[in-house]
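Engineer: Take the sequence shown: its letters are residues 443 to 670, numbered as in our numbering. Just so you know, even glycine gets a beta-carbon here, dropped at the ideal spot from N, CA and C. The model shown is predicted, which means the values in this text are computed figures rather than measured ones. Take this structure first; my questions come after.
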Amino acid sequence: EEENIKGIFHGKKGFERDLEKEEFLRHFTLVKGTLTEMNKLTETNLENTGNFMAELVSSGQASMQEAAAAIDDYLRENGDMLYKIMVGKKVGWKYTQAAKDNFQKAVIHKDFGFRLTELQKVAADFHSFKLTEFAGEKEKIDSNMIKLEQSLMDVTTTGMQPVLEGASRLIDWVQSLINTYNKEGFTGIISNIVSVIMDPILQPFKNLINMFVNNPVVQKIAYWLGKR
């Protein structure tokens, strides 16, 4: 489900960084919870509500928290927040106080599917305003630069992972030496270092011995000799 929702960020300004996407998903859990309560948690409903919420945020008409609350309230029969956002737009006549009152009266006698259908009509109106498009070439370039920065961070993190893991093992080993010194003194440290050096050297011989001992033929010979 989460991977499908992440697809809604494509082409929307304001979601160039992973941090912004993760914050969005945290706020979107409010809407997801309401869909679950309504027994309407489907992939289509998740994508539709998620896309509308992302457009509200990307357009600058609402913060992530406000966008989540507006959609959640609408699904819970309260259109105040969403109608307030929509009434100032070019189709504002569809979102007057009287229109909101009519919606909230109609909801009482309808099933949950009615709310989702009406929400999609609001979303379609909002999408027609094209508020999520870039205001100009500079804004588009700025967005691409942020995406590039995020990509470089991802590459750096991936490349540094082996180094960080190696550093972590080194820190653990040094801590082990300190603990050994506290318990066994300098002699214990020497033994620890020798064991670290010798273990990879001796390992092939250990493997050879184990292979020899566990060989079925050798085990049969040992069994036969034991009976004599």
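For V549, is the classification buried or exposed, using 16 other Cβ atoms within 10 angstroms of its Cβ as the cut-off for buried?
Structural biologist: Classification of V549: buried, given that the 10 Å Cβ count is 16 or more.
Engineer: Starting from the C-beta of F457, find all residues in its chain whose C-beta is less than 6 Å away, skip the five residues before and the five after it, and write them out in chain order.
Structural biologist: So the qualifying residues of the chain are F451, K463.
Engineer: Got a sec? Which residues, its chain only, sit under 6 Å from I567 by beta carbon, not counting five neighbours each side?
Structural biologist: The amino acid occupying residue 567 in the given sequence is Asp; Ile does not appear at that position. Answer for D567: V533, listed in chain order.
Engineer: Over the uninterrupted alpha helix (DSSP H) stretch that includes S570, give me the two end residues.
Structural biologist: Here the alpha helix (DSSP H) through S570 covers 554–570.
Engineer: Mind checking which residues open and close the alpha helix (DSSP H) that includes Y516?
Structural biologist: Counting along the chain, the alpha helix (DSSP H) containing Y516 begins and ends at 506–517.
Engineer: Is there contact between the stretch 519–526 and the stretch 537–545, where contact requires at least three CB pairs shorter than 8 Å?
Structural biologist: With the cut-off at 8 Å, the stretch 519–526 and the stretch 537–545 touch.
Engineer: If I'm right that V473 touches I513 with Cβ under 8 Å, what's the distance once you round it to whole angstroms?
Structural biologist: About 5 Å; that satisfies the 8 Å criterion.
Engineer: Secondary structure at G530, three-state DSSP: helix, strand or coil?
Structural biologist: Of the three classes helix, strand and coil, the one that applies to G530 here is coil, per DSSP.
Engineer: For the alpha helix (DSSP H) containing H469, name the first residue and the last one.
Structural biologist: Unbroken alpha helix (DSSP H) run through H469: 460–479.
Engineer: Helix, strand or coil, according to DSSP, for S501 in the structure here?
Structural biologist: DSSP places S501 in coil when its eight states are reduced to three.
Engineer: For K482, which of G555, F494, L561 has the nearest alpha-carbon?
Structural biologist: When each option's Cα is compared against that of K482, the closest is G555.
Engineer: For D460 and I583, I'd like the C-alpha separation in whole angstroms.
Structural biologist: One C-alpha to the other measures close to 18 Å.
Engineer: Using only the alpha-carbon positions, how far apart do V499 and L488 sit?
Structural biologist: About 16 Å.
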